[in-house]
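Contents: one structure, followed by commentary.
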Ligand code: TRP
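Numbering (the numbering used here), first residue to last: 309 to 666.
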């Protein structure tokens, strides 16, 4: 049987924003709706603890927020299994085995880890749990034998590490239990790493440059109208730049030709509008107004779904509880196979017993 398993997840350190949405959520919903996959979506609270050990309240506060964001985006419990990482025993056990197959120097070479050490000024005082989270993330993926991992390109080093672990494990223990995962990237560059509303390379909660899935109409409008654009485009007649311009990058990520027909029929599509902006003669205000119309239309149904689900939080909690129970079962099977492969399943191992009683 062909492997059709998807696993992916998010750290519950805040509500999910447009970066999460175009980077991975939208793909998950698309794949879910093909009906061709078995999908696991994980709230990565253990991973969130690796750099928030002193602030578990933040994580607690965001478990249900992230669940609502998932449902708002269009994931549904009949087609997607929701789980919370801290309640899956396999995700504690597998990293213990995997960590013997990974060297310190390999972890130190991980670009994501390197970058985060720099950003957080960790230097040598980096928590061990943070340093080793790529191993934990490999466990997240392999515990479910996932083949597909919808993520933004910033996660590629994690996938590379997971594949290396899979290969070492299968080679060292002479088996083919673990499955090599592959990333499922968004369809365009602008989605891979959505810029912040301030033009910063990444939309990130700590930079305060996010549009959240749950933002109301007025908040969205305010954020869009005060968005960073091209600083050299001072007068409407000046030629403008579209390549690092958030307004155009967001239009690329969200607008369709249909939107142009409806909201700005001066142009057949985004390409025509870009050309006008680059020539000069198209003002930022007009562009932002279009973006606002597009985003309002895009986000309204997402917000409405969120409000609908939020009416029955008990039911939302149940989805997470039931999904987690199922995930425990599925991942325990992998753990059992892993223990057999290593040869430490003593009490269920006939050859081990035979040797004792011979
Ligand atoms: N590292 C991911 C992030 O920061 C979250 C994550 C944890 C994840 N475990 C995962 C993503 C497994 C994909 C697969 O967003």
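By construction, the Cβ of each residue, glycine as well, lies at the ideal position given by its N, Cα and C atoms.
What you are looking at is a predicted structure, and each value in this text was computed from that prediction instead of being measured.
So residue 461 is in the alpha helix (DSSP H); what residue range does that whole segment cover?
Counted from its first residue, the chain shown places residue 461 at position 153. That residue, residue 461, is in no alpha helix (DSSP H); it is neither H nor E in DSSP.
Close Cβ partners of residue 431 (< 8 Å) along its chain, the five nearest in sequence each way excluded:
Position 123 of the chain shown, counted from the start, is the residue given in the question as residue 431. 425.
Do the segment 544–558 and the segment 648–655 touch if we need at least three Cβ pairs shorter than 8 Å?
no
Distance between residue 641 and residue 444 (C-alpha atoms, nearest Å)
Locating residue 444 in the chain shown gives position 136, counting from the first residue. Locating residue 641 in the chain shown gives position 333, counting from the first residue. Computed Cα separation, rounded: 18 Å.
Hey, is residue 336 close to the ligand TRP, as in C-beta under 7 Å from one of its heavy atoms?
As a working note, residue 336 is residue 28 in the chain shown. It does not: the Cβ of residue 336 is nowhere closer than 7 Å to a heavy atom of the ligand TRP.
Unbroken stretches of the alpha helix (DSSP H), 4 residues or longer, contained in the segment 395–472:
398–406, 412–417, 419–427, 436–439 and 441–450
Give the straight-line distance between the Cα atoms of residue 371 and residue 320, rounded to the nearest whole angstrom.
Stepping through the chain shown from its first residue, residue 371 is reached at position 63. Stepping through the chain shown from its first residue, residue 320 is reached at position 12. For residue 371 and residue 320, the distance between alpha carbons rounds to 6 Å.
As a quick exercise: from 412, 451 and 447, pick the residue whose alpha carbon is nearest that of residue 439.
The count along the chain shown starts at 1 and reaches residue 439 at position 131. Minimum Cα distance to residue 439 is reached at 412.
What I want to know is whether the C-beta of residue 466 ends up closer than 7 Å to one or more non-hydrogen atoms of the ligand TRP.
Within the chain shown, residue 466 is the residue found at index 158, counting from 1. Indeed, a heavy atom of the ligand TRP lies less than 7 Å from the Cβ.
In the segment 529–610, which residue ranges form an unbroken alpha helix (DSSP H) of at least 4 residues, counting only runs that do not cross its ends?
554–562, 565–571 and 578–587
Minimum length 4: unbroken alpha helix (DSSP H) runs contained in the segment 611–663:
621–650
Distance cut-off 7 Å: residue 638 Cβ against heavy atoms of the ligand TRP:
Position 330 of the chain shown holds residue 638. Not so, every heavy atom of the ligand TRP lies at least 7 Å from the Cβ.
Using 8 Å as the Cβ pair cut-off and three pairs as the minimum, do the segment 620–633 and the segment 375–394 touch?
yes
Please report the residue range of the alpha helix (DSSP H) in which residue 667 lies.
Residue 667 lies beyond the stretch modelled for the chain, which goes from 309 to 666, so this question has no answer here.
Please tell me whether residue 399 and residue 349 are closer than 8 Å, where the distance is taken between their beta carbons.
Translated into the one-based positions of the chain shown, residue 399 becomes position 91. Translated into the one-based positions of the chain shown, residue 349 becomes position 41. No.
Check for me: the beta strand (DSSP E) holding residue 318 runs from which residue to which?
The sequence position of residue 318 within the chain shown is 10, counting from 1. First-last of the beta strand (DSSP E) with residue 318: 313–318.
Looking at the secondary structure, which residues open and close the alpha helix (DSSP H) in which residue 367 lies?
Here residue 367 refers to the residue found at position 59 when the chain shown is read from its first residue. First-last of the alpha helix (DSSP H) with residue 367: 364–381.
Cβ contact check for the segment 492–502 and the segment 467–474: 3 or more pairs under 8 Å:
no
Does the beta carbon of residue 469 fall short of 7 Å from some heavy atom of the ligand TRP?
Position 161 of the chain shown, counted from the first residue, corresponds to residue 469. Residue 469: no, Cβ never under 7 Å from the ligand TRP.
Note down, in chain order, each residue of its chain lying with its Cβ closer than 6 Å to the Cβ of residue 394, except the 5 sequence neighbours on either side.
Stepping through the chain shown from its first residue, residue 394 is reached at position 86. 353 and 354, listed in sequence order.
Taking the straight line between their C-alpha atoms, what separation do you get for residue 437 and residue 380?
Working through the chain shown from its first residue, we reach residue 437 at position 129. Working through the chain shown from its first residue, we reach residue 380 at position 72. Spanning the two alpha carbons is a distance of roughly 32 Å.
Residues that DSSP places opposite residue 520 in a beta bridge
Translated into the one-based positions of the chain shown, residue 520 becomes position 212. 325.
beta-carbon residue 506 near the ligand TRP non-hydrogen atom, thresh 7 Å
Taking the chain shown and counting its residues from 1, the one referred to as residue 506 is at position 198. Not so, every heavy atom of the ligand TRP lies at least 7 Å from the Cβ.
Out of 405, 334, 322 and 328, which has the shortest C-alpha to C-alpha gap to residue 364?
Looking up residue 364 in the chain shown gives position 56. Here the closest residue by C-alpha is 322.
Compute every distance between the C-beta of residue 315 and the non-hydrogen atoms of the ligand TRP, then say whether any falls below 7 Å.
Translated into positions along the chain shown, residue 315 becomes position 7. Correct: residue 315 has its Cβ closer than 7 Å to the ligand TRP.
Just the Cα atoms here: how many angstroms apart are residue 660 and residue 645?
In the chain shown, residue 660 corresponds to position 352, counting from 1. In the chain shown, residue 645 corresponds to position 337, counting from 1. Residue 660 and residue 645: Cα-Cα distance of roughly 16 Å.
Just the Cα atoms here: how many angstroms apart are residue 508 and residue 657?
Here residue 508 refers to the residue found at position 200 when the chain shown is read from its first residue. Here residue 657 refers to the residue found at position 349 when the chain shown is read from its first residue. The straight-line gap from Cα to Cα measures roughly 56 Å.
Own chain residues within Cβ distance below 8 Å of residue 528, not counting five before or after
Here residue 528 corresponds to residue number 220 of the chain shown, with the count starting at 1. Here the set comprises 519, 600, 603, 604 and 607.
Measuring only from the beta carbon, is residue 352 closer than 7 Å to any heavy atom that is part of the ligand TRP?
For the purposes of this step, residue 352 is identified with residue 44 of the chain shown, where counting begins at 1. Yes - the ligand TRP has a heavy atom lying nearer than 7 Å to the Cβ of residue 352.
So which of 460, 610 and 378 has the shortest CA-CA distance to residue 501?
What you label residue 501 is simply residue 193 of the chain shown in a count that begins at 1. The residue with the shortest Cα to Cα distance from residue 501 is 460.
Is residue 347 near the ligand TRP, in the sense that its beta carbon is under 7 Å from a heavy atom of that ligand?
As a working note, residue 347 is residue 39 in the chain shown. No.
Can you name the start and end residues of the alpha helix (DSSP H) that residue 355 belongs to?
Translated into positions along the chain shown, residue 355 becomes position 47. Start and end: 353–357.
When every heavy atom of the ligand TRP is checked, does at least one fall within less than 7 Å of the C-beta of residue 340?
Mapped onto the chain shown, residue 340 falls at position 32. No; taking the cut-off as 7 Å, the Cβ of residue 340 has no heavy atom of the ligand TRP nearer than that.
Counting pairs of beta carbons, one from the segment 608–624 and one from the segment 575–588, are three or more of them closer than 8 Å?
no
My assumption, with CB atoms under 8 Å, is that residue 450 sits in contact with residue 410. Please give the rounded CB distance.
Walking along the chain shown from the start, residue 450 turns up at place 142. Walking along the chain shown from the start, residue 410 turns up at place 102. Wrong, their Cβ atoms sit about 13 Å apart, outside the cutoff.
With C-beta atoms as the reference, is residue 408 less than 8 Å away from residue 465?
Against the chain shown, residue 408 aligns to sequence position 100. Against the chain shown, residue 465 aligns to sequence position 157. For residue 408 and residue 465, no; Cβs fall outside 8 Å.
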